[in-house]
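A short worksheet on the structure shown next.
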Amino acid sequence: MTDAGEDDDGSEQPTVDSEFGRQPQRPDGGWESTQEAVEKRHRILRSLREQLEHHPAIVSAWGSPDGQYAEIEADVDPAQFGCDGESASLRVTWQPDPHLPPETSLDDRRRTSLMSNFKIHYSESSGFDCGVHLEPNPHVDGHLHYQERASPTDEYDYDEVSLVATAPVGVLWEALEIIANRIQQA
Amino acid sequence: MADSRDGEDEPAYVSRWKDATTGFDRVRSVSSSLSEPRTAGWIADEAHVSEPTTRNHLERLVDLGVLVTDESARGKTYYPDPVYTRLTAIQELVAENSEVDLTQQATAIHADIESWKAAYDVESPRSLRASVTDDISVEDAQQRLHIAADWESAQYQLSLLRDAIEHYETYTARPPASA
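Next comes the structure, spelled out in structure tokens:
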């Protein structure tokens, strides 16, 4: 495992901001209410769940925990990714108006025009896990990256990746393609 | 899964996406997941559907109450209708859960919120964020902010559950079968 928890298995979103508790900034420069931000995140995650259900590798997908849509979880058919593991799962988080950790900025973002944070993270029963994440990370420049490790006791390896898509649903399909390609190359 | 299609100059993920969905599906999905109002041209590019066809789909979605429109310096923009968004979230709850299930979920969320209040001695997610100061560890700060976000999601879910439970009979009413 690496340190500081920035490079985890997709279960958390960095939300620290130098001005704790401030509201997300709107595209028009105003400040969005918490309620609007929560509704937007809920709506985007529901759209992502719908799209996951169209993907040939996804067996089922649901809002988590208990249908709340704080994030998405999915059962995956590992054979569709060229793996012979018994089972696999996917976690998807999406933060449309992220609070960024101190000393980090959207100005540091590279290889995408997305302003959101996200994690699209695949885990196998064998212990292997990998994902495409867009968030500040001390191990890679430009926020957008791919990370993988062979088992929970190993450290992650990180690589820069690029995205063409900007809409969340397109990003989902593109990220799943990146994950599939990386797994097949491994 | 990396194969590109012969004769098509598009990324493999686009080919896979097109194989699994219709153009209307993609336009609806892209427009339903917008973070800000966008033009038909932007949505067409992201959905990989021609702009004239995208405009037709978008107008159909406006007629159905899925999207609302606005005029901006960029031209006509589209954004998800907030009423439709809320009602479809409630519809999903009602379709996938019994009234008892919904009540149990609401009870569980209440319990989560009470446990957060007790654990951090605060009354709201905003208060929890405000408790993050320089004299606590980075790990504790991340944990508090993560819980604040979950707390807000839980409150929103609770508002949907209350609506679904209060109107469960109305939302699940079906006309009697004809003889």
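So the protein lines, in turn, are chains E and C.
First residue of the first sequence? That's 29 in my numbering, and the numbers climb one at a time after it.
First residue of the second sequence? That's 20 in my numbering, and the numbers climb one at a time after it.
Cβ coordinates follow ideal geometry from the N, Cα and C atoms, glycine included.
Count the other CB atoms, across all protein chains shown, that sit within 10 Å of the CB of residue i; report buried if there are 16 or more and exposed otherwise.
i: C:Asn116; result: buried
i: C:Leu83; result: exposed
i: C:Ala199; result: Lying before the first or after the last residue shown, residue 199 of chain C is absent from chain C, which here runs from 20 to 198.
i: C:Ala196; result: exposed
i: C:His129; result: exposed
i: C:Arg93; result: exposed
i: C:Thr40; result: buried
i: E:Ser133; result: exposed
i: E:Trp59; result: With a pLDDT of only 40 at E:Trp59, under the threshold of 50, the placement of this residue in the model should not be trusted, and no figure is reported.
i: E:Gln53; result: The pLDDT assigned to E:Gln53 is 45, lower than 50, so where the model puts this residue is not dependable; a value taken from the coordinates is nonetheless given after this. Result: exposed.
i: C:Gln124; result: buried
i: C:Glu60; result: One detail in the question is off: residue 60 of chain C reads as Gly in this sequence, not Glu. C:Gly60 is exposed by the Cβ-count criterion.
i: E:Gln96; result: buried
i: C:Thr73; result: buried
i: E:Glu123; result: Note on identity: in this sequence residue 123 of chain E is Gln, with Glu being the wrong assignment. E:Gln123 should be labelled buried.
Given that residue i touches chain E, what residues does it touch there, using C-beta distances under 7 angstroms?
i: C:Tyr175; result: Val66, Glu67 and His70
i: C:Trp36; result: Trp201
i: C:Thr40; result: His82
Quick one: which chain C residues come within Cβ less than 7 angstroms of residue i?
i: E:Glu183; result: The premise fails here: E:Glu183 is roughly 18 angstroms from chain C at the closest Cβ pair, so nothing lies under 7 angstroms.
i: E:Ala193; result: Glu65
i: E:Gln79; result: Ser48
i: E:Val197; result: Ser48, Val49 and Ser52
i: E:Asp94; result: Gln124 and Ala127
i: E:Pro124; result: Ser54
With residue i and residue j assumed to form a contact (beta carbons below 8 angstroms), what rounded beta-carbon distance in angstroms separates them?
i: C:Tyr139; j: C:Arg163; result: 7 angstroms
i: E:Tyr174; j: E:Val104; result: Going by Cβ atoms, the distance from E:Tyr174 to E:Val104 rounds to 17 angstroms, so no, they are not a contact pair.
i: C:Pro99; j: C:Leu86; result: 6 angstroms
i: E:Glu78; j: C:Arg35; result: Contact doesn't hold; Cβ gap of about 16 angstroms is too wide.
i: E:Ala102; j: E:Leu80; result: 5 angstroms
Considering only their Cβ atoms, is the gap separating residue j from residue i smaller than 8 angstroms?
i: E:Glu163; j: E:Ala116; result: no
i: E:Arg138; j: E:Leu172; result: yes
i: E:Ile72; j: E:Ala89; result: no
i: C:Arg47; j: C:Leu80; result: yes
i: E:Ala195; j: C:Ser52; result: yes
i: E:Ile207; j: E:Gly170; result: no
i: E:Leu118; j: E:Val199; result: no
i: C:Ser50; j: C:Tyr103; result: no
i: E:Gly113; j: E:Gln212; result: no
i: C:Tyr175; j: E:Val66; result: yes
i: E:Arg74; j: C:Ala108; result: yes
i: C:Leu147; j: C:Ala167; result: yes
i: C:Thr122; j: C:Ile184; result: yes
How many Å lie between residue i and residue j at the Cα?
i: C:Ser54; j: E:Leu191; result: 17 angstroms
i: C:Thr152; j: C:Glu118; result: 42 angstroms
i: C:Ala149; j: C:Ser143; result: 10 angstroms
i: E:Pro106; j: C:Pro194; result: 44 angstroms
i: E:Trp201; j: C:Arg105; result: 25 angstroms
i: E:Phe156; j: E:Ile148; result: 15 angstroms
i: E:Asp56; j: E:Glu183; result: For E:Asp56, the pLDDT reaches just 40, beneath the cut-off of 50, and the residue's location in the model is therefore unreliable, although a value from the coordinates is still provided. Rounded to whole angstroms, E:Asp56 to E:Glu183 spans 41 angstroms at the Cα level.
i: E:Trp165; j: C:Leu180; result: According to the sequence as given, residue 165 of chain E is Asn; it is not Trp. One C-alpha to the other measures close to 36 angstroms.
i: C:Ser172; j: C:Ser178; result: 10 angstroms
i: C:Ile62; j: C:Ala31; result: 19 angstroms
i: E:Asp187; j: E:Val168; result: 7 angstroms
i: E:Ser144; j: E:Thr121; result: 10 angstroms
i: E:Arg177; j: C:Ala160; result: 26 angstroms
i: E:Thr62; j: C:Asp182; result: 20 angstroms
i: C:Gly42; j: E:Val197; result: 13 angstroms
i: C:Val120; j: E:Asp94; result: Per the sequence presented here, residue 120 of chain C reads as Asp, with Val not at that position. Using only the alpha carbons, I get a separation of about 10 angstroms.
i: C:Asp28; j: E:Leu76; result: 26 angstroms
i: E:Asp45; j: C:Glu158; result: Bear in mind that a pLDDT of 37 at E:Asp45, under 50, signals an unreliable position, so the model cannot answer this.
i: E:Gln108; j: E:Pro84; result: 7 angstroms
In chain C, which residues lie with their C-beta within 9 angstroms of the C-beta of residue i?
i: E:Tyr97; result: Ala108, Ser172, Tyr175 and Gln176
Can you pull the chain E residues whose beta carbon is under 8 angstroms from the beta carbon of residue i, in chain order?
i: C:Val85; result: None at all; the shortest Cβ gap to chain E is about 11 angstroms.
Given that residue i touches chain C, what residues does it touch there, using C-beta distances under 8 angstroms?
i: E:Ser75; result: Ser48, Ser51 and Ser52
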